[in-house]
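A.B. asks: Protein chains in written order, with my numbering: chain P, 5 to 373; chain B, 0 to 308; chain V, 292 to 612; chain F, 83 to 595. Ideal Cβ positions, reconstructed from N, Cα and C, are used throughout, including at glycine.
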Amino acid sequence: MDKMPKWADVILIPLISVILALLVSGLVVLYIGESPVEAMQIMVRGAMGSAYGWGYTLFYATNFIFTGLAVAVAFHARMFNIGGEGQAALGGLGVAIVCLSVPWPHWSLALLVACGAAAIFGAAWAAIPAYLQAKRGSHIVITTIMFNFIASALLVYLLVNVFRVPGSMAPETARFADAVHLPNAADIAPWLGFRSSTPLNISFLLALLACFLVWMLIWRTRLGYEIRAFGHSETAAVYAGINPVRIIMIAMLISGGLAGLMATNSVMGEAERLVIDNVQGAGFVGIAVALMGRSHPVGVFLAAILFGVLYQGGAELEFEMPAVSREMIVVIQALVILFTGALDNMVRMPMEKLFLSLRRRDRADSPAE
Amino acid sequence: DGPALVFDLGGKFDRSFNEAAFNGAQRWAEETGGEYREIELQSDAQREQALRRLAEAGSNPVVMAGFAFGSVLDTIAPDYPETTFVIIDSVVDQPNVQSIIFQEHEGSFLVGMLAGMASETGVVGFVGGMDIPLISRFGCGYAQGVVAANPDATVIANMTGTTPAAWNDPVRGGELTRGQIAQGADVVYAAAGGTGVGVLQTAADEGILSIGVDSNQNGIHPGQVLTSMLKRVDVAVYNAFTAGDEIETGVTVLGLAEDGVGYALDENNAELITPEMQEAVDAAREQIIAGEIVVHNFSDDGTCPVAMQ
Amino acid sequence: MDFLTILQILDSTVRLATPLLLACLAGLYSERAGIFDIGLEGKMLAAAFFSAAVAFTSGNVWVGLVAGIAASCVLSGIHGLASITFRGNQLISGVAINFLAAGMTVVIAQTWFQQGGRTPPLQGAARFQEITLPFADAMANVPIIGPIYSELISGHSILVYMALAIVPLTWWILFRTRFGLRLRAVGENPAAVDTAGISVMGARYAAVMICGVLCGLAGAYLATSLAAGFVKDMSAGRGFIALAALIFAKWRPWYALYACLLFGLLDAVGNRYQNIELVGVTIPVQFMQALPYILTVVILAGFVGKAIPPRAGGEPYVKER
Amino acid sequence: MTQASPAIELKGISKAFGPVQANKDISISVQPGTIHGIVGENGAGKSTLMSILYGFYKADAGEIFINGKLTPIPDSQAAISAGIGMVHQHFKLVENFTVVENVILGAEDGAMLQPSIAKARKLLTELAEEYGLNVDPDAVVEELSVGHQQRVEILKQLYRKADILILDEPTGVLTPAEADQLFRILGRLKEEGKTIILITHKLREIMEVTDTVSVMRRGQMTATVKTAETSPPELAEMMVGRKVLLRVDKKPANPGATILKVDDLKVRDGKGVERLKGISFHIRAGEILGIAGVAGNGQTELLEVLGGMRPAQSGTVILNNDQIDLTGKHSNGQTRRNRGIAHVPEDRQQEGLIMPYEAWENIAFGYHHDPKYQRNRLLMNNTAIRADTMAKMERYDVRPPNPRLPARNFSGGNQQKLVVAREMERNPDLLLIGQPTRGVDIGAIEFIHQQIIALRDQGKAILLVSVELDEILGLSDRIAVMFDGHFMGERLPDETDERELGLMMAGMTKGAA
Ligand SMILES: Nc1ncnc2c1ncn2[C@@H]1O[C@H](COP(=O)(O)OP(=O)(O)OP(=O)(O)O)[C@@H](O)[C@H]1O
Ligand SMILES: Nc1ncnc2c1ncn2[C@@H]1O[C@H](COP(=O)(O)OP(=O)(O)OP(=O)(O)O)[C@@H](O)[C@H]1O
Ligand SMILES: [Mg+2]
Ligand SMILES: [Mg+2]
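1) Nearest CA to the CA of T402/V: which residue from Y35/P, V335/P and N85/P?
2) Under 8 Å, CB to CB, which of the residues in the region 475-486 of chain V have a partner in chain F?
3) For Y439/F, decide whether its Cβ has a neighbour in chain P, counting only Cβ atoms nearer than 8 Å.
4) Can you check whether the C-beta of K10/P is within less than 8 Å of a C-beta belonging to chain F?
5) With DSSP collapsed to three states, give me the class of Y549/V.
6) Rounded to a whole number of angstroms, what is the C-alpha to C-alpha distance between L358/P and R486/F?
7) I want to verify the contact list: residues of chain F whose CB lies under 9 Å from the CB of I538/V, in sequence order.
8) Could you tell me whether the Cβ of N349/P comes closer than 8 Å to any Cβ of chain F?
9) Flag A171/P as yes if its beta-carbon sits less than 8 Å from any beta-carbon of chain V, otherwise no.
10) Taking the alpha-carbon positions, what's the V297/F to L388/F distance?
11) Which stretch, first to last residue, makes up the alpha helix (DSSP H) that contains N157/B?
12) How is P488/F classed by DSSP in three states: helix, strand or coil?
13) Using Cβ-Cβ distances below 8 Å, what residues of the region 11-25 of chain B are close to chain V?
14) DSSP state of E373/P, grouped into three classes?
15) Using a Cβ-Cβ cut-off of 8 Å, state whether A184/B counts as contacting chain P.
16) Let's test the definition: count the other Cβ atoms within 10 Å of the Cβ of N420/F and tell me whether it reaches 16, buried, or not, exposed.
17) Any idea if V250/B is buried or exposed, counting beta-carbon neighbours within 10 angstroms, 16 or more meaning buried?
18) Nearest by alpha-carbon distance to L19/P: which of V33/P, S361/P, R364/P and L347/P is it?
19) Grouping DSSP H, G and I as helix and E and B as strand, with all else coil, what is E606/V?
20) Looking only at its chain, what residues have a beta carbon closer than 6 Å to the beta carbon of A279/B, apart from the 5 residues adjacent to it on each side?
21) At a Cβ threshold of 8 Å, is A372/P touching chain F?
22) For F377/V, which residues in chain P fall below 7 Å Cβ to Cβ?
23) Is the beta carbon of G127/B less than 8 Å from the beta carbon of I134/B?
24) Would you list the residues sitting across from S209/B in a DSSP beta bridge?
25) Is N124/F a contact residue of ligand 1, with contact defined as CB to any heavy atom under 7 Å?
26) Any beta-carbon of chain V closer than 8 Å to the one on H170/F?
27) Under 8 Å by Cβ, that's how I've got Y139/F and I166/F pegged, so tell me the actual separation to the nearest angstrom.
28) Mapping the DSSP letters down to three states, classify M83/F as helix, strand or coil.
29) May I have the straight-line CA-CA distance separating K204/F from E211/F, to the nearest angstrom?
30) Using the rule of at least 16 other Cβ atoms within 10 Å of the residue's Cβ for burial, across every protein chain shown, is T292/F buried or exposed?
31) Does any heavy atom of ligand 1 sit closer than 7 Å to the C-beta of T130/F?
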């Protein structure tokens with residue numbers, strides 16, 4: 005028997021938590037001498053009030069969906085993949101190589117191959133930590149942290165010494181050819197009012213597809229069944245004849261691949277070139293997104309949108325309110341993570357009591373039982 | 000209406016490059032009483048967003064600090080033919096863009112000479128933020144200057160890191176400095192953003208000389224900072240703001256001749272720079288301007304004529 | 292490599308290892324009590340800022356230290372509230388604390404000092420100075436031992452000596468005192484502790500607060516001893532490295548010391564030998580910079596077996612479902 | 083002093099866990115110096131009631147009187163100071179601590195450990211002599227057998243000088259000899275004037291050691307009677323609400339062809355210790371081979387090797403005339419299942435079930451490759467699994483019959499029924515079944531025993547491992563006794579008795595005895 009109706013669990017509680025987080029954020033805004041109400045309005049309007057806002061919100065969300073799913077899949081196998089940052093960076097490398105090395109006749113072909121490369125590069129970067137975990141018991145948290153650093157060193161080297169356009173100052177690859185330009189929201193759905201400059205592009209649909217596929221994988225396939233079983237209990241998994249090494253490897257490869265796929269959005273869809281530090285913390289945000297989304301693709305999707313809103317709304321706030329600095333936005337994000345993710349029992353516990361007592365009263369009223 | 004300034008990811012208070020841009024804008028605002036808009040970026044994707052917003056809001060000119068804007072500006076500039084964009088540290092070939100390039104190697108050459116002359120051990124150090132072409136340009140010009148002043152001198156070069164943390168890690172900056180001191184360095188030049196704070200600090204703590212970068216950092220540790228390699232980003236921004244709508248497009252190269260780069264001399268380091276040193280450096284400056292000395296630009300071919308350790 | 296170079300590298304090792312060690316021991320207390328903590332980074336950062344800010348305003352580094360510790364403890368308290376009282380997810384809470392510290396420090400620094408999220412540089416008594424141990428100068432000329440004593444052992448900030456002293460102290464507390472017994476027990480099986488008539492919450496909060504104090508020391512060491520003031524994000528990932536060291540050390544104090552010294556050493560060597568030529572080929576700087584991390588993975592895979600965390604780690608203690 | 087007031091008196095205790103009313107207005111009183119039994123079905127609320135008395139849970143309503151005095155017990159600390167000690171159903175020991183450390187935890191004398199440890203060590207030797215409770219004070223708990231772990235739990239309470247001792251299903255994991263010893267100790271404690279509450283599912287124990295007994299049903303206390311004035315069938319009926327068959331009823335076996343033949347099987351564990359030292363036996367169709375033995379003598383390893391959970395070092399296993407791979411890539415639970423081996427593991431919560439998985443997911447567990455559970459090559463057919471689960475739950479009387487309920491929300495007995503249903507319904511040639519009724523109430527025991535017999539009668543081979551000699555004697559057609567990785571010998575159930583088996587389990591042969 006559940007303590008609360010499902011709608012309260014999945015909608016009401018997170019909503020109250022977000023409101024609490026925003027209230028506290030309001031206090032911080034007040035502290036720096038601005039109006040919280042106005043700030044709130046700017047954020048919401050900036051993120052969701054226009055096609056322009058949505059274009060950025062969903063663009064950021066796309067990144068977070070990929071990295072969030074990556075962390076979530078690993079979580080199902082009880083592994084904490086902190087390496088999304090490095091895996092996504094390597095995914096970018098894969099995309100760049102694909103886009104630069106072949107004169108693609110059409111973006112769709114390029115996207116297909118780039119997806120493959122992004123996933124393979126990301127997965128490859130997760131493979132060594134996974135193998136060491138499976139075979140040597142080396143803790144995946146340490147190895148993936150280390151691989152983040154190694155990835156950044158590798159990328160700096162390659163961008164400066166191999167891919168840089170001769171004579172250019174910027175450690176970045178050449179711009180990709182126009183042929184691999186991905187259709188963006190304005191190309192696909194101009195009637196929604198998107199402008200040609202919107203960064204939201206077709207990879208958003210890829211992210212949605214990824215959500216669906218991950219959901220299928222985890223909850224509908226044998227492999228997903230085995231991954232979850234292994235994540236819940238390794239001894240039981242062995243009892244059922246599930247091979248731990250295989251599960252660790254596969255789960256981490258999928259995780260790394262998903263992180264790598266982020267590059268189709270950020271590198272191929274938006275920047276159209278590979279720059280230094282192209283991930284910009286999305287790997288870490290992915291951890292928060294996966295945790296807040298309780299490792300469920302729908303939850304990950306919603307949490308990613310929330311973070312997209314915070315990113316884009318935050319940017320607008322910063323543009324419009326000079327006193328609000330970008331660190332202020334980080335604080336707001338932190339408070340949202342804290343209240344919705346870590347402190348949600350603070351809201352849940354009293355709510356459960358409330359619903360229980362309501363139900364008791366219902367029962368007392370109807371003596372039929 | 001009104002000019003606008005976009006800072007790079009380092010943030011406007013990085014005590015060097017972005018802060019110099021900020022100072023230029025502030026000076027313009029104070030002198031003219033005008034108002035300008037500014038944006039600090041949070042992520043790469045916001046580059047384009049910021050530029051477009053400002054252009055659409057009618058800001059003119061839109062000035063951006065940092066080579067990383069190059070590629071983005073190249074794509075968006077044609078969309079706003081009415082707006083003039085000014086990009087610092089990169090060349091963008093569009094009719095409505097003014098590209099400002101600094102000859103950092105020339106300025107670095109001068110402070111390198113000072114370092115070479117000030118050094119008693121014949122060993123000097125360089126701490127860069129990340130091994131990227133821009134930083135190598137500083138380092139290479141510096142090394143050439145050192146060797147010009149003291150052909151037997153050794154230049155030790157270190158880079159802080161490969162992640163964004165490389166620009167904000169004074170502790171590692173300090174540690175690298177200590178390592179260089181241990182290898183005999185008694186002058187160290189920092190081109191590493193916030194990390195440089197740690198370099199200058201450790202140099203002061205350990206009683207050796209340091210050289211600041213971009214802005215005049217002599218005052219951070221008076222009497223202990225030999226000089227600063229000035230990169231007059233502030234002047235560039237100030238000029239762009241002042242020119243307003245009438246700004247010229249095309250490429251502007253700011254070197255020693257234009258006073259775009261140079262070395263800082265003020266009351267904080269007056270005692271450190273002997274008249275002979277000043278004489279030698281000023282002479283070199285003239286020669287460079289006259290083309291008698293050619294300071295090799297690392298970015299030209301990715302190599303440096305002087306070996307660093 | 293001559294003797295002096297080795298000494299210098301070791302000297303640098305000690306300095307680089309100290310913040311790692313303090314943070315690592317901080318994590319050790321918390322995780323031994325069953326509270327995972329990936330917020331070490333954030334706590335260090337907060338402590339770095341507040342210690343520097345208050346040291347600057349008061350002109351006294353000790354006052355700064357107390358402020359740094361207090362700030363770190365406040366974050367610890369939030370972590371405790373989320374993960375102990377409200378049985379929230381400890382990883383999320385840690386992530387939130389890292390973000391919170393990264394944003395908050397700069398926002399407050401900007402309002403207080405208007406120096407772009409930095410504190411003004413610290414001078415004199417506002418900073419921990421290096422301590423010269425007795426006879427360091429006199430002994431400097433004694434062969435071998437002399438330089439070791441005067442170069443390597445002497446001449447560090449008091450926090451370094453404190454950090455080193457905390458290692459045996461931690462061992463002693465954990466394995467020789469009642470408090471330690473309870474703390475370890477609560478990380479292994481909180482139900483056992485509960486039925487033994489001990490407050491699980493009490494033990495866990497105590498551990499989390501000690502974690503706060505030690506992170507406070509780590510942050511203060513960064514900002515008031517190694518550097519002279521706060522720069523945004525100056526913890527630069529050290530909290531995560533400390534976490535890695537903690538797992539590396541399998542949650543044991545002496546091994547924590549060794550692990551942190553090893554990380555410090557790899558770092559120091561990486562700093563010192565950035566430009567190396569091997570048989571005429573220049574090794575890229577980036578490779579040398581990545582080398583400490585590569586070596587860590589190699590050592591981990593080659594020599595360190597499976598690390599088994601405290602059994603109740605990461606799980607909130609729930610009696611009634 | 084007036085007339086002796088009850089040592090414990092509970093008045094109107096109620097407790098709800100969320101929507102589940104675990105205890106409803108319970109009142110009970112226990113006289114000092116007696117042993118009071120509590121019986122009831124799984125989930126009746128016995129553990130909850132005792133945990134309230136021990137301050138582990140807080141009651142929603144009700145009062146507790148200790149020795150006639152109203153004593154609020156908000157936490158275990160209060161219970162301990164009131165002289166109450168409890169040995170929980172699931173031990174509350176810190177597994178990687180030593181025995182002394184566990185004993186002194188919470189009862190240390192000062193801030194330093196050394197004095198407490200020294201004192202505890204001395205006291206432990208004394209207690210060991212006094213009650214025959216031998217345990218090495220410096221042994222690490224996880225390396226002790228369950229029997230010894232329980233001794234540690236009792237020592238903990240004695241160390242704290244508890245006057246009131248609550249034991250929640252203490253014999254569930256003990257061998258008869260260990261159980262006997264436990265009851266001897268309880269007898270001594272009673273003589274010393276201590277009050278003891280004993281929860282158990284074994285009516286024989288109730289009859290043997292208790293003075294009074296209370297019956298709980300669905301959160302309520304239904305009856306309290308003097309033990310002398312009741313009988314097992316009566317108690318069973320009060321518990322379950324219907325008549326229960328307390329003895330196993332079976333026809334003589336009719337063995338057929340040899341199904342399983344094991345020859346000279348040797349197994350080392352992860353630490354390299356040899357656990358099976360050359361085991362040989364066979365089982366025929368329509369036959370139950372029962373393996374008796376004190377836990378930790380290799381039975382677990384035997385089941386695990388046959389079930390494909392761990393490799394063997396040498397030996398052969400022949401199933402239906404085909405040799406089975408004992409090492410390598412193809413030696414795992416999947417391949418064994420494909421060969422017709424079903425396995426009910428000893429530990430249902432750690433191995434047999436995924437606790438957060440819903441019932442239907444658990445019904446597919448291990449058989450998730452079964453073609454009838456697949457929709458196509460990629461996807462599983464969840465609807466089919468759920469329908470199958472529903473059918474199995476009905477046939478095995480799993481309550482509540484809800485396939486969407488997570489396994490952890492079923493009571494122990496019903497969890498076991500889920501596992502048994504899954505494995506038996508596979509119609510295996512060979513069924514491996516370990517501790518089939520551990521912690522399960524009498525109603526469920528009856529049911530599970532009937533299923534095992536029915537499977538045998540269908541002509542299947544069954545390998546039964548149990549520490550319950552009753553169960554071994556009642557179910558087996560042949561009995562093998564295992565000691566230290568060897569078989570001590572084989573007996574027929576009607577030609578042996580508990581005494582002889584007990585001796586063999588201790589490593590003594592008949593001749594030596
Ligand atoms: N920690 C808990 N959280 C939620 N509900 C619980 C908890 N412990 C017990 N319950 C509920 O309380 C009821 C009584 O459980 P309890 O463990 O007291 O039964 P029991 O009589 O001891 O059963 P068994 O004979 O199997 O040990 C159960 O039906 C269960 O719903
Ligand atoms: N978290 C829970 N939420 C709801 N109901 C629960 C929960 N846990 C247990 N139950 C209910 O508790 C009853 C018995 O559970 P309990 O935990 O007492 O098992 P148990 O018989 O004591 O098991 P064991 O013998 O292994 O201790 C079941 O009817 C189940 O529906
Ligand atoms: Mg019970
Ligand atoms: Mg129970």
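C.D. replies: Taking the geometry as given:
1) Y35/P
2) R475, A476, E479, N480, A482, A483, V484, D485 and T486
3) yes
4) no
5) helix
6) 25 Å
7) Residues of chain F passing the Cβ test: none, with the nearest at roughly 17 Å.
8) no
9) First, the residue type needs correcting, since residue 171/P is Gly and not Ala in the sequence shown. By this cut-off, G171/P is not an interface position.
10) 41 Å
11) That residue, N157/B, is in no alpha helix (DSSP H); its beta strand (DSSP E) goes T153 to M158.
12) strand
13) K11, F12, D13, R14 and E18
14) The pLDDT assigned to E373/P is 36, lower than 50, so where the model puts this residue is not dependable; a value taken from the coordinates is nonetheless given after this. Note: E373/P maps to coil in three-state DSSP.
15) no
16) exposed
17) exposed
18) L347/P
19) coil
20) none
21) Model confidence at A372/P stands at a pLDDT of 39, short of 50, so the residue's coordinates are unreliable; what they give is reported in the following sentence. Not one chain F Cβ lies under 8 Å of A372/P.
22) L347, N349 and M350
23) yes
24) V187/B and V224/B
25) yes
26) yes
27) Actually they do not touch by this definition, with Cβ atoms about 14 Å apart.
28) Low confidence applies here, because M83/F scores a pLDDT of 41, under 50, leaving its location unreliable and the question unanswered by this model.
29) 11 Å
30) buried
31) yes
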